[in-house]
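Peer 1: Going by the numbering used here, the sequence shown opens with residue 1, and the numbers climb by one from there. Just so it is clear, CB atoms sit at the ideal spot from N, CA and C, and this is done for glycine as well.
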Amino acid sequence: MVRTRLRRAAAGASPPGRWESAAEALILKRAQRATSARVRVLGVLLAAGRPLTHHQVQEALKGRVRVDRVTVYRVLEWLTSRDLAHKIVGDDRVWRYKAHPDSAEHGHAHFKCSRCGAVFCLENTSTAYALTLPPGYRSQAVELTIRGLCASCAGAA
1 MVRTRLRRAA AGASPPGRWE SAAEALILKR AQRATSARVR VLGVLLAAGR
51 PLTHHQVQEA LKGRVRVDRV TVYRVLEWLT SRDLAHKIVG DDRVWRYKAH
101 PDSAEHGHAH FKCSRCGAVF CLENTSTAYA LTLPPGYRSQ AVELTIRGLC
151 ASCAGAA
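1) For the region 107-120 and the region 54-73, state whether three or more C-beta atom pairs, one from each stretch, are separated by less than 8 Å.
2) Could you say if the region 77-90 and the region 39-59 meet the contact criterion of at least three C-beta pairs nearer than 8 Å?
3) I need the straight-line Cα distance from residue 140 to residue 108, nearest angstrom please.
4) In whole angstroms, what is the alpha-carbon distance linking residue 26 and residue 36?
5) Please state the DSSP three-state secondary structure of residue 153.
6) What number of angstroms, rounded off, separates the C-alpha of residue 51 from the C-alpha of residue 138?
7) May I have the straight-line CA-CA distance separating residue 28 from residue 131, to the nearest angstrom?
8) So for residue 35, helix, strand or coil by DSSP?
9) Would residue 147 pass as a contact of residue 119 if the rule is Cβ separation under 7 Å?
10) Residue 94: which of 81, 19 and 73 sits nearest, CA to CA?
11) Between residue 40 and residue 20, how many whole angstroms is the CB-CB distance? I'm expecting something under 8 Å.
12) Can you name the start and end residues of the beta strand (DSSP E) that residue 119 belongs to?
Here it is, written out as structure tokens:
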């Protein structure tokens with residue numbers, strides 16, 4: 001962490017914010033290399049607190065750091081493969097990514113607002129269902145998405 005801060009200072013970069021410091025600590029805790037792109041992308045996901053599309057991540061990085069779209073895709077996939085983020089697909093077939101700092105199993109439902117399209121993780125829900133599959137079938141994942149109006153849209157209705 002100290003070397004990274006020294007490199008930033010030498011390069012004239014601004015000091016890391018609270019979310020970027022947390023992101024760097026999470027990456028290093030997993031004994032992984034904390035590159036600038038990884039730290040900044042994970043920092044954006046931590047700050048958002050809800051699933052974001054690749055485009056939303058790239059927009060959040062604009063003006064702060066120059067990272068091309070391919071690098072953002074690669075970092076999002078890297079974060080997912082290291083259980084630092086999880087991804088869900090929406091009705092629009094666009095992946096959304098959310099920081100997953102506790103590395104627990106991704107076992108919760110999602111809520112999608114039918115008016116604004118925002119997707120939220122419902123962290124305190126269980127997806128442990130007693131499903132009976134036909135003989136020979138084996139479940140690999142269960143996804144539950146509840147659709148309705150988010151608090152902002154319901155208040156505006």
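Peer 2: Short version:
1) Under the 8 Å Cβ criterion, the region 107-120 does not count as touching the region 54-73, having fewer than three qualifying pairs.
2) Put simply, the region 77-90 touches the region 39-59. At least three CB pairs are less than 8 Å apart.
3) Approximately 15 Å between the Cα atoms of the pair.
4) Cα atoms of residue 26 and residue 36: separation of roughly 13 Å, rounded to the nearest angstrom.
5) In the three-state reduction of the DSSP assignment, residue 153 falls in the helix class, which pools H, G and I.
6) Linking residue 51 to residue 138 through their CA atoms gives a straight-line distance of about 28 Å.
7) Their backbone Cα atoms lie some 39 Å apart in a straight line.
8) Residue 35 falls in the coil class under three-state DSSP.
9) Against a cut-off of 7 Å, the Cβ pair of residue 119 and residue 147 comes out as no contact.
10) Of the residues 81, 19 and 73, the one whose Cα lies closest to the Cα of residue 94 is 73.
11) That belief holds up - the Cβ atoms of residue 40 and residue 20 are roughly 6 Å apart, short of 8 Å.
12) Judged by DSSP secondary structure, residue 119 falls within the beta strand (DSSP E) whose first and last residues are 119-122.
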